[in-house]
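Each residue of the sequence shown is one higher than the last, beginning at 280 in the numbering used here.
Backbone N, C-alpha and C define an ideal beta-carbon position, used for all residues, glycine too.
For reference, the structure is listed below as structure tokens.
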Amino acid sequence: MNLGSVDIISREIIKPSSPTPHTHKTFKLSFLDQLVPPFYVPVIFFYAAADVLITAASTTQISQNLSKSLSDALSLFYPFAGKLGPKNLAVDCNDAGAEFVQAHVRACMDDVIQDPKIDQLLKYLPMDPNMVINSGDAPPPLLAVQINFFNCGGMAVGVCSSHQISDADSLVAFIRTWAELCRRPQGQKGNFTHPQPIFDLARHFPSREISGFGFSQSVYVKKEKLVTKRFIFDTDKLLALRRAATSPSGSVVKDPTRVELVSAFIWKNIIGSGKSQLSAAWHVVNLRPRITSVKMENVFGNCILKRFVFSDDVGPEFHELVGKLRNGLSEVNEEYIWKAGKCDDYLNSVCHSFDLTVNGKMDTCG
Numbered sequence: 280m281n282l283g284s285v286d287i288i289s290r291e292i293i294k295p296s297s298p299t300p301h302t303h304k305t306f307k308l309s310f311l312d313q314l315v316p317p318f319y320v321p322v323i324f325f326y327a328a329a330d331v332l333i334t335a336a337s338t339t340q341i342s343q344n345l346s347k348s349l350s351d352a353l354s355l356f357y358p359f360a361g362k363l364g365p366k367n368l369a370v371d372c373n374d375a376g377a378e379f380v381q382a383h384v385r386a387c388m389d390d391v392i393q394d395p396k397i398d399q400l401l402k403y404l405p406m407d408p409n410m411v412i413n414s415g416d417a418p419p420p421l422l423a424v425q426i427n428f429f430n431c432g433g434m435a436v437g438v439c440s441s442h443q444i445s446d447a448d449s450l451v452a453f454i455r456t457w458a459e460l461c462r463r464p465q466g467q468k469g470n471f472t473h474p475q476p477i478f479d480l481a482r483h484f485p486s487r488e489i490s491g492f493g494f495s496q497s498v499y500v501k502k503e504k505l506v507t508k509r510f511i512f513d514t515d516k517l518l519a520l521r522r523a524a525t526s527p528s529g530s531v532v533k534d535p536t537r538v539e540l541v542s543a544f545i546w547k548n549i550i551g552s553g554k555s556q557l558s559a560a561w562h563v564v565n566l567r568p569r570i571t572s573v574k575m576e577n578v579f580g581n582c583i584l585k586r587f588v589f590s591d592d593v594g595p596e597f598h599e600l601v602g603k604l605r606n607g608l609s610e611v612n613e614e615y616i617w618k619a620g621k622c623d624d625y626l627n628s629v630c631h632s633f634d635l636t637v638n639g640k641m642d643t644c645g
């Protein structure tokens, strides 16, 4: 079902409300930033109409409030307003700005969110999330926003941020700041209800020369046509998975999380339908709460690592895979993290895992 066309009303560039200080003009990327896909991190927020009698004047006022507060937020998260530098190892914080798009959707919001289709949702984003972002003569913006107004008065805010400079945690921190600035009365100053970002990830994890390991961000770029599907695990299904994971006598995880249960379920089905005996499941691990020796809670950037967990069993029990996931992720402690950033073992392991997957010698889910 086609859920209405999206008409672009305007496109503009929003610059930071105050210039980035000269001392902050170069934002160095970290070793962890070097390991992520060169794509966008997309997110869409849907807001029901507070008043069904939405007028052109009110949508104009909403757009003005959002663009003004976006400008203020960019002055605090200044790398988002910059451009990728040579070799994608730094951001030139030149206040080039973020793209701000306004659009009208010829549909009602309830029809869209009742049974969302991935290909339809892409229309509410300002960029193709799978676009490869590289430095060059005309690099795309590191942050783009699309404000979508529906016929019913509802609104969707689509945001795309470059994964090369920020993870989901950093994007959420930016959006929280933007939202708080948007709610404030005009001209009001004051402290924020949540801490502001720290831009020193590269000091703890300096960038490295990684080409000799055979790793390139191009490994994430697929030529095949990708298919995206959405699966819903309701309460009953999750309870059934929990029973399957905890009931066997050999079960070692008696309190599996929902993520562990669903991940192990997908992994087991891939093993059953895959072509290789060797398989792996991987998770992206947020390192911020796992590092205690230095303050990392509010650090900006990709403070994440991929953790691969392997199985060479062609018929593993479900509870065994849950146990493998629990054990594998629990090993990502502070000692593991610092070693991964400084030694070659972690990078060699990641490169080897990608090589096995690309060459059809290992089935992978993550």
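Secondary structure at residue 599: helix, using DSSP grouped into helix, strand and coil. Residue state for residue 610 is assigned as coil, using DSSP reduced to three classes.
Between the alpha carbons of residue 514 and residue 541 lies a gap of roughly 12 Å.
Spatial neighbours of residue 473 in its own chain (CB-CB distance under 7 Å, excluding positions within 5 residues in sequence) are listed in chain order as 455. In the DSSP secondary-structure assignment, residue 426 is bridged to 381, 436. Listed as beta-bridge partners of residue 322 by DSSP are 438.
Here the segment 532-552 lies against the segment 585-605, with 3 or more beta-carbon pairs under 8 Å apart. Under the 10 Å beta carbon count, residue 518 is surrounded by fewer than 16 other beta carbons and is classified as exposed.
As the crow flies, the alpha-carbon of residue 577 is around 5 Å from that of residue 476. Per DSSP, residue 356 has no beta-bridge partner at all.
A distance of 8 Å or more separates the beta carbons of residue 341 and residue 435. The shortest C-alpha to C-alpha distance from residue 479 to any of 510, 488, 444 is the one to 444. Contact between the segment 585-595 and the segment 550-566 is present, with at least three C-beta pairs closer than 8 Å. Between the alpha carbons of residue 312 and residue 448 lies a gap of roughly 14 Å. Excluding five sequence positions before and after residue 379, the CB atoms of its chain that fall closer than 6 Å to its own CB belong to 291, 293, 346, 424, given in chain order.
Residue pairing by DSSP leaves residue 453 without any beta bridge partner. In this structure, the CA atom of residue 404 is about 7 Å from the CA atom of residue 321. If you draw a 10 Å sphere on the C-beta of residue 413, you find fewer than 16 other C-beta atoms in it, and that means exposed.
Within the model, the alpha-carbon separation for residue 439 versus residue 580 is close to 15 Å. Here the segment 349-358 does not lie against the segment 384-401, with fewer than 3 beta-carbon pairs under 8 Å apart. For residue 413, no alpha helix (DSSP H) run applies, since DSSP gives it neither H nor E. Under the three-state reduction of DSSP output, residue 473 falls in the coil class, being neither helix nor strand. Take residue 570, set aside five residues on each side of it, and the residues of its chain with a beta-carbon closer than 7 Å to its own are 613, 616, in chain order. Annotated three-state conformation of residue 630 is helix, per DSSP. Nearest to residue 533 by alpha-carbon distance, out of 563, 418, 605, 310, is 605.
The segment 456-469 and the segment 357-375 do not touch, with fewer than three beta-carbon pairs separated by less than 8 Å. Of the candidates 461, 620, 318, 640, the residue whose Cα lies closest to the Cα of residue 421 is 318.
Of 306, 545, 596, 429, the smallest CA-CA separation from residue 509 is found for 545. When only Cα atoms are considered, residue 565 and residue 630 end up about 20 Å apart. For residue 385, same chain residues with a beta-carbon under 6 Å away, outside a window of 5 residues either side, are 283, 284 in chain order. Contact between residue 382 and residue 288 holds: their C-beta atoms lie close to 6 Å from each other, under 8 Å.
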